[in-house]
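Sequences listed follow chains L, C and B, in order.
For the first sequence, the positions run 3 to 364 when our numbering is used.
For the second sequence, the positions run 3 to 364 when our numbering is used.
For the third sequence, the positions run 3 to 364 when our numbering is used.
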Amino acid sequence: MTGMVMDEPKQLKTVEELAALIGGRVSGDAQIGIDHIANIGTATAGAIAFVEDPKALESTQDCAASALIVPDGAGERAREVARKVPAIIEAAKPKLAFALIASALHPQKRREPFIHPTAVIGEGANIALTAYIGPHVSIGEHSTIGTGTRIEAGVVVGDYVTIGIDCVLHPNVTLYDGVTIGDNVVLHAGVCVGADGFGYVRDDVGYHKFPQVGTVVIEDDVEIGAHTCIDRGSLGRTRIGRGTKLDNQIHVGHNCDIGERVVIAAQTGISGSVTIEDDCVIGGQVGFGDHIRVQSGAVIGSKAGVLPGKIVRPGVWWGIPIQPLADYKRLNAHIGRLPEMRAELKELRKLVKELEEKLSAK
Amino acid sequence: MTGMVMDEPKQLKTVEELAALIGGRVSGDAQIGIDHIANIGTATAGAIAFVEDPKALESTQDCAASALIVPDGAGERAREVARKVPAIIEAAKPKLAFALIASALHPQKRREPFIHPTAVIGEGANIALTAYIGPHVSIGEHSTIGTGTRIEAGVVVGDYVTIGIDCVLHPNVTLYDGVTIGDNVVLHAGVCVGADGFGYVRDDVGYHKFPQVGTVVIEDDVEIGAHTCIDRGSLGRTRIGRGTKLDNQIHVGHNCDIGERVVIAAQTGISGSVTIEDDCVIGGQVGFGDHIRVQSGAVIGSKAGVLPGKIVRPGVWWGIPIQPLADYKRLNAHIGRLPEMRAELKELRKLVKELEEKLSAK
Amino acid sequence: MTGMVMDEPKQLKTVEELAALIGGRVSGDAQIGIDHIANIGTATAGAIAFVEDPKALESTQDCAASALIVPDGAGERAREVARKVPAIIEAAKPKLAFALIASALHPQKRREPFIHPTAVIGEGANIALTAYIGPHVSIGEHSTIGTGTRIEAGVVVGDYVTIGIDCVLHPNVTLYDGVTIGDNVVLHAGVCVGADGFGYVRDDVGYHKFPQVGTVVIEDDVEIGAHTCIDRGSLGRTRIGRGTKLDNQIHVGHNCDIGERVVIAAQTGISGSVTIEDDCVIGGQVGFGDHIRVQSGAVIGSKAGVLPGKIVRPGVWWGIPIQPLADYKRLNAHIGRLPEMRAELKELRKLVKELEEKLSAK
């Protein structure tokens, strides 16, 4: 049957091959076979593990992996400590090397090109020959699906949607009409792109909907976590920049402009018309009022709150409302000393009273 | 094919027609054609834009829209500044006028009456002749779908559900058994109505489920954002009142009673048995303990926390736990002055010590 | 048609039968018939209600239920006050008794064994004969569905998934490949189990995905609220322990280990590698940094924030960052007295100045 998961031959590679992938230097048995990744603590034969910090080398004493990636220069020490590990790879950035080796050993699931007979394809839709369209998928009219893209069961794609090449849409994703998805984009289960933004105009009778007729553009190499919702622009567009990574259950309001290589942790909420420039890092459960600009390189701690209209300069920010981390810590320390301050104040009052009495007595 | 999106003739209206719609007064070329809405900054020929605040009129100097809505009395000034715009409409409430004109120019997507052959309709279900039921929709037994209602792909409607007229259920919505949806209700993608409330009784063994056998009633003209979840009553019902608007990813617990024309921003969480009376405005990421009553007209700022059992009177509230906004600001200012207070305290102590010494010396 | 909801004969039981179920003692008419549960305030004939606290007995004066569960020893007083109620049941724990009686009177919806013709079942999948598989469900290859398990419309189950017996998967749930679900597990609409955790390694170019090749194990008797997302382990597994109950819209990061009989309220977010030991109670909208250990018996209040790496000892915790509840209250009281402290400080400064002047004058 077509469309089935491809049973790829087990990925078995030699340490030499893996080291070559990441430009690492091997000591020990370079021909030993590796077929999976693991943690130092639970690794068994056939596994490769890694140590990022030379100080953590001591933890490898009982490691039973077949290979270990360690920092440049730590190879010799590693061979002394990790006596059970037959091969050591030195790499400039062990964690990065491990991640790259992991993708070679555990390649992403692939599907043969296929359109499942239960899928419903709208008129004028243009599906690449090498795409996979799973069961109960619905593709709207005049939408385009790029080569190698995989759309899993239950996904609903609206009309006039464009999806690039080599994307993965996990089950039950919803794309509203007219949105654009770049190449190599991963949308996890339940992601919703292009729902109406939250805008109303009030009169005496109640709320009238403010137009939500813009769109959403998601650029290449973006990954979006499960159940994250990205609203369409009211007028204009909402944008998620290239290489940006969003965690689960995030809310991105209408007309936001999220730059490139931005990382945002789970459950953060972003009101309308917020700009987050390139290379920012945002914690979880952060709340943004509308019309904020976060400048490139800013870091905002989890649970922070940013007031509407604010410009957030580069640096590390914390608290509700946000302050520079150092200020936040200082104020928190002061708050912690409040009981002590009260006691001092009381004592001082007593002293002054005594002085007064002494003075009167003179 | 039936069920397809209706290709409506392009909506082209004269400025005169649009002004008549909203009772506005035209100056300039009343016969010019308008076919879409836009922002001041990006508008081109054929677009209508608006200025809400007379002070913002200066921003229209380079505006290339074909028409501009401005506040009553600002027409003359607008004609002077916005020299490229051939027609000006004066209106009492420009933003509201713009919203109403937007719905005329960009009418909501419509579907021809249709039941997609992949839809599954339960026994005894009653689907209006003019309803649209999309691909892979599942309608439970004895459920009723009103005239003109549009149910998009992947929606699951339980048994004994009632949905009114002219509703839109976006993809992958879930309605549990027995819930009731009024007329003109819009449920965005992934909305979940009627899941069990969160109630258990603990004994020595663990948690036993407290009955969740009530229901949910959503009244007319409600709009609910993507992925918002509204739990069914434990006993009795959870209610969302007429004209109320909920943003994305909100949680409404069992037995809540949300009044009419309430607005709640994204990611707010409402525990069980909370009452929010008519015309309240609630920010994003607010948290409500259970058994709270928010009185009509109260406004609660984003990220606020309301303790269980609290009665929130009309006014503006802020903080965790909530306080009147003025108090919140005052206390925050005091907290900001803590370092200064400590310094003062230290100085005072020094002064007192000096006084003591002087006194002893006499 | 098979697969339909079973129309069970109306559950009508005598007070005597219900009392026997929970070991309660009846006074009044033990033969009266009861067919549903209700609140004190809204109960009518045929209903059973309960009073947990003897002090609340006075509220039963107008109660029109046919039976009332009251605490042991309160039967006599109940008969005096609740004059309209023909039967009283005394029970050690009335709320628990009520919950158990509720499950007898309102048994969970059942489905006849059935695989809907629109369901898509992967090769090698093993579906128990007594399972129910609803419309538009997709079951992956080599997955196992246990006896009596009910999978509602639109659910997507990946490959190599194991689901135990007597589970209920509500509509539009997504289970990624390889996850394991125990027995008697309830997953509400939109739940997502097994999406990739949020882990990347940064280099000069951007972010590289850190491997997310672990899995998720959900043990027996777990109930998970609508739209909650539980990410798979990066390496190893994420675990939800037996008897644990999660509310709606919770995020559980990769490699978390949530113990047995843990209760977590809505919208709480848990970063990666957090351990929450048995019998903890966690409020709503709480945020956990990564690598935290919450020790058995700890209670964390709503909206709290727990810093990464923290060990949370048993006791009640509150605030951002968390502190023991008593400390939190004390500090909050101090903060509330800040204006007063400032005034005192000012007064004291004045007094000292006066003293100085008097002293100089001598």
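Note that beta-carbon positions come from the ideal geometry of N, C-alpha and C, so glycine has one too.
query: Extent of the continuous alpha helix (DSSP H) run through B/S29; result: That residue, B/S29, is in no alpha helix (DSSP H); its beta strand (DSSP E) goes R27 to G30.
query: Closest by C-alpha distance to B/G199, when choosing among B/I272, B/I147, B/D249 and B/D206; result: B/I272
query: Top-ranked residue by Cα proximity to C/G48, from C/K86, C/Q325, C/E262 and C/V72; result: C/K86
query: Local conformation of B/A217 per DSSP, three classes; result: The amino acid occupying residue 217 of chain B in the given sequence is Thr; Ala does not appear at that position. If DSSP states are grouped into helix, strand and coil, B/T217 belongs with the strands.
query: First and last residue of the uninterrupted beta strand (DSSP E) at L/F52; result: A49 to F52
query: Beta carbon proximity, B/R152 to chain L, threshold 9 Å; result: no
query: L/V187, DSSP secondary structure in three states; result: coil
query: Test: C/H253 CB closer than 9 Å to a CB of chain L; result: no
query: Cβ neighbour criterion (16 or more within 10 Å) applied to C/V17; result: buried
query: Of the residues B/A106, B/T217, B/V157 and B/E125, the one placed nearest B/I135, counting alpha carbons only; result: B/V157
query: Contacts of C/P173 in chain L (Cβ-Cβ under 7 Å); result: V158 and T176
query: B/V354 - containing alpha helix (DSSP H), residue span; result: L340 to A363
query: Candidates L/I167, L/L102, L/I183 and L/G150, of which the one nearest L/V159 by Cα; result: L/I183
query: is_contact[B/V354, chain C] using C-beta, thresh 9 Å; result: yes
query: CB contact flag (B/T277, B/V265, <9 Å); result: no
query: Own chain partners of B/H253 with C-beta closer than 7 Å, once the 5 adjacent residues on each side are dropped; result: C231, G271 and I272
query: Cβ-Cβ distance between C/I39 and C/V53 below 9 Å; result: no
query: Cβ distance (whole Å) where C/G286 is taken to contact L/G289 below 8 Å; result: 6 Å
query: For B/F290, the three-state DSSP class (helix, strand or coil); result: strand
query: C-beta neighbour in chain B for C/L333, strict 9 Å; result: yes
query: Closer than 8 Å at the beta carbon, the chain C residues around B/L357; result: L357
query: Contacts that L/D249 makes with chain B (C-beta to C-beta distance below 7 Å); result: F200
query: Status (buried if at least 16 other CB within 10 Å, exposed otherwise) for L/D9; result: Any reading at L/D9 needs caution, since the residue's pLDDT is 45, under 50, leaving its predicted position unreliable; the model's value is listed next. Exposed, since its Cβ has fewer than 16 Cβ neighbours within 10 Å.
query: C-alpha distance - B/K355 paired with L/L357, whole-angstrom precision; result: 12 Å
query: Within-9 Å CB hit, C/G5 to chain B; result: Annotation note: pLDDT 46 at C/G5 (below 50); position unreliable, no value reported.
query: DSSP bridge partner residues for B/T120 (one or two, in chain order); result: Bridge partners of B/T120: none, in fact.
query: Contact set for B/I34: own chain, Cβ-Cβ below 8 Å, skip 5 residues either direction; result: T16, V17, S68, A69, P88 and A89
query: Among C/S275, C/K360, C/K111 and C/Q297, nearest to C/V283 - alpha-carbon criterion; result: C/Q297
query: Whether C/G243 touches C/S275 by CB criterion (9 Å); result: no
query: Beta-carbon proximity of L/A130 to L/T149, cut-off 9 Å; result: yes
query: C-alpha gap between B/I141 and C/R241, whole angstroms; result: 35 Å
query: Chain E within 9 Å of L/I39, Cβ atoms only; result: Protein chains L, C and B are contained in the structure displayed, whereas chain E is not.
query: L/I24 vs L/A99 beta-carbon contact at 9 Å; result: yes
query: DSSP-derived helix/strand/coil call for B/D329; result: helix
query: Whole-angstrom distance between B/Y209 and L/E279, CA atom to CA atom; result: 16 Å
query: Closer than 9 Å at the beta carbon, the chain C residues around B/T149; result: Under the 9 Å cutoff, chain C gives no residues; its nearest Cβ is about 21 Å from B/T149.
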